[in-house]
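Here the structure is laid out as structure tokens; the discussion comes afterwards.
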Amino acid sequence: MERRVRVRFAPSPTGPLHIGGVRTALYNYLFAKKNGGDFLLRIEDTDRTRFVEGAERYIIESFEWLGIKFDEGVGIGGDYGPYRQSERKDMYRKYALELVEKGWAYYAFDTPEELDAVRKRYEAEKKNFQYDCKTRMSLRNSLSLSRQEVERLLEEGRAYVIRFRFPENEDIHLDDLIRGHVKMNSSLLDDKVLYKSDGMPTYHLANIVDDHLMKITHVIRGEEWLPSCPLHVMLYKAFGWEDTMPAFAHLPLLLKPEGNGKLSKRDGDRLGFPVFPLQWTDPKTKEVSSGYRESGYLPEAVINMLALLGWNSGTEQELFSLDELVQVFSIERISKHGAKFDLEKAKWFNHQYLMKVSDEELTDAFMSDLKSRNIERSKDFVASVVRLIRERCNFVKDLWSNSDYFFVAPEEYAEKALKKRWKDGMTEKMMVISNNLQQISDGKDWGQKAEDFLMKHITDNGLNMGQVMNSIRLAVVGDTKGPNMLDIMNVLGKDEIISRINKAIERIGILCREE
RNA sequence: GCCCCGUUCGUCUAGCUGGCCUAGGACGCAAGAUUUUCAUUCUUGAAAUCAGGGGUUCGAAUCCCCUACGGGGUACCA
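Residues -4 to 510 in the numbering used here are what the first sequence lists, from first letter to last.
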């Protein structure tokens, strides 16, 4: 019988969610929805020493922002709960003991200090220590110790861990959905701890038990898990759950944009792009890490960018909505190698989506940005500015840097532009123009009338059109940038334009005399 | 060190069942057009001898082997 597709995203609440984790979740989501299955959120908080307050809330909020919805799990509920591993603590012990009984696992009484000492000894001989089939008999565990001794230690309440007992020289095969067939020999693998002395399972045990109990059909996770996957396969075998063992897909990692290694928290701060979906303040150090949301990225753009980082549809289409991605997604088209994050492409994606935002919405966003700068203008005015400059922006915050002169008259004039655009005698010519502009009656079509006048004035007096227009631009904008002069004149209106021209005449006139 | 995975333009990638590849697209870059400015937009261009070397084959980016390089793992972390 065909099983209903069920996948899970299982982060640890040890800090903010890394953008690579977001991609892993996205691929899980796309796969689940594409196949009409369930997508669940499980919190793997078995390491109490690394638990970070607020991380779980952060994770949930991140997906809310991105618009990725879980069908089951922490914060949603479901028939297979609880979905927080710390709340499932008691049930893992039974499974660990079951493995000991079956001979697939054993008690180990070595203290961390003892193991450290052994490692040091090996290191001194330039050898590597591994708790495995070759060394386990020389360590203190229920395999090497007599039955009476083990019972005595257990009764005394000695601290112990339960380790998996890898069989000797056995090839373990696994078929990865992305990488194909992978083979590893059990003799090379170490006897991983399954159950810790604090009564908590490790990832390996909890993961397999929960995936089985939650009827997970596909495990889609980061490549860092590939080396321990043979252990996971063996665990399914040991429990006798091979029939329902999920299929595995190990995703390539996200790499640093420059240099080597996987993308880390530091790279973001250093290279100026976020590594986290949302801004995060470390509860202990108070250190702030930037987030995509706060940096002005649209969730749709982040999703689209992430989806294409390591996957493609096989067509030349690059812009996809979440729903479209669901339609075309397939695990087979995920690439095998790591991908470097590309900031420029990320900006381009955001630009694409920003252009789809309505004038109305963009105006509202800009209004609140202006408010934070203590600037209040009518919505009509802001909307007319937005219409003129929106296409040159990648982010909402670019609206301001591309239109500040609409709200504040220039105090300074770009030096380069000054030399090039305000030639000898321009001050006098501008005075004449200013006076003439003053004669034109104000009104909605003032800009048009002003331009008509300028055209005529320029031809009648044999002036250079480029020079005149650019000088006016310099006076009004303070630079050589900006939209069409006619549009600027229309938006700013008669009084403001003339006042700026006069101000420029005065200021630049002084500058010229000083020279 | 050992184990596993990977390697096509600067970056993301197409190519996977060998010939349609003088290797395609996108970002970025350059030039031109439009905009009497800047940006947008459009057009064009530069950019990978397919990591290197051996095979197999009439024919290989595509299959096999070796080497190099990159990444991951090697915790009572996930």
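Built from N, CA and C at the ideal position, the CB exists for glycine as well.
Discussion item. What does the Cβ neighbour count give for L258, buried or exposed, with the cut at 16 atoms within 10 Å?
Written reply: buried
- By Cβ distance below 8 Å, which residues in the same chain neighbour E509 in space, the five residues on each side in sequence not counted? With a pLDDT of 46 at E509, under the threshold of 50, the modelled position of this residue cannot be trusted; read the value that follows with caution. Cβ neighbours of E509 beyond the five flanking positions: none.
key: Rounded C-alpha distance that separates V514 from H452   = This structure gives no information on residue 514, because the portion of the chain shown stretches from -4 to 510.
Legend entry - Proximity to M229 [Cα-Cα], best of G267, N180 and E109: N180
- Item | Buried or exposed (CB count within 10 angstroms, at least 16 for buried), P107 | exposed
Point to revise | Range covered by the alpha helix (DSSP H) that runs through Y231 | key: C224 to F234
Closer than 6 Å by C-beta to K187: which residues in its own chain qualify, once you throw out the five before and the five after it? Chain order, please. F159, H199 and L226
- Task: Quick one: using the 10 Å Cβ neighbour count with 16 as the cut-off for buried, is H332 buried or exposed?
- Result: exposed
For M350, does the count of other Cβ atoms within 10 angstroms reach 16, so buried, or fall short, so exposed?
exposed
Exercise for review: Report all residues from its chain with a CB closer than 6 Å to the CB of D474; omit the five preceding and five following residues, and keep chain order.
Suggested key: A409 and A412
Where does E510 sit, in a helix, a strand or coil, going by DSSP? Any reading at E510 must be qualified, since the residue scores a pLDDT of 44, below 50, and its modelled position is unreliable; the value itself is stated next. E510 falls in the coil class under three-state DSSP.
Any idea what DSSP makes of S284, helix, strand or coil? strand
Let's test the definition: count the other Cβ atoms within 10 Å of the Cβ of K191 and tell me whether it reaches 16, buried, or not, exposed.
buried
*Over what stretch of residues does the alpha helix (DSSP H) that includes K527 continue unbroken?*
Only positions -4 to 510 of the chain appear in this structure, which leaves residue 527 out of reach.
message = I believe I503 touches W417 by the beta-carbon criterion, under 8 Å. Please report the beta-carbon distance rounded to the nearest angstrom.
response = 6 Å
Handout entry: Where N345 sits in the DSSP three-state scheme
Key = helix
Can you list, in chain order, the residues of its chain whose CB lies under 7 Å from that of E313, leaving out five sequence neighbours each side? L303
Review point. In this structure, does DSSP put R328 in helix, strand or coil?
Key: helix
### Task
Write down every uninterrupted run of the beta strand (DSSP E) in the stretch 423 to 488 whose length is 3 residues or greater and which is fully enclosed by it, in chain order.
none
Ordered along the chain, which non-local residues of its own chain (more than five positions away) have a Cβ less than 6 Å from that of F234? none
Q) Taking the DSSP output, what are the residues bridged to E67? A) L35
* By Cβ distance, which residues of its chain are closer than 7 Å to Q433, with the 5 residues on each side in sequence left out? -> I493
When the distance is taken between beta carbons, is A201 closer than 8 Å to T41? yes
- prompt: Since K342 contacts K251 with CB under 8 Å, what's their CB separation in whole angstroms?
  reply: At roughly 18 Å, the Cβ-Cβ gap does not stay under 8 Å, so K342 and K251 are not in contact.
Assign V270 to one of three DSSP states: helix, strand, or coil. coil
Exercise. Assign I157 to one of three DSSP states: helix, strand, or coil.
Key: strand
Next on the checklist: Which residues does DSSP list as the beta-bridge partners of F46?
Outcome noted: The partner list for F46 (beta bridge, DSSP) is empty, contrary to what the question assumes.
Task: Integer Cβ distance of M209 from L36, believed to fall under 8 Å - done: Contact doesn't hold; Cβ gap of about 11 Å is too wide.
- prompt: Per DSSP, which one or two residues make a beta bridge with R495?
  reply: According to DSSP, R495 bridges with nothing at all.
Quiz prompt | Endpoints, beta strand (DSSP E) assigned at G175 | solution = G175 to N180
DSSP three-state label for D490, please. helix
Quiz item: Under a three-way DSSP split, which group does L593 fall into?
Solution: Past the edges of the chain, shown from -4 to 510, lies residue 593, and the structure says nothing about it.
_With distance defined between alpha-carbon atoms, name the residue in Y24, G31, H207 and K129 nearest to I215._
Y24
In chain order, what residues of the same chain have a beta carbon less than 8 Å from the beta carbon of D437, not counting five sequence neighbours either side? G488, K489 and D490
Have a look at V113 and D166 and give me their C-alpha separation to the nearest angstrom.
28 Å
*Does the Cβ of Q322 have 16 or more other Cβ atoms within 10 Å, making it buried, or fewer, making it exposed?*
exposed
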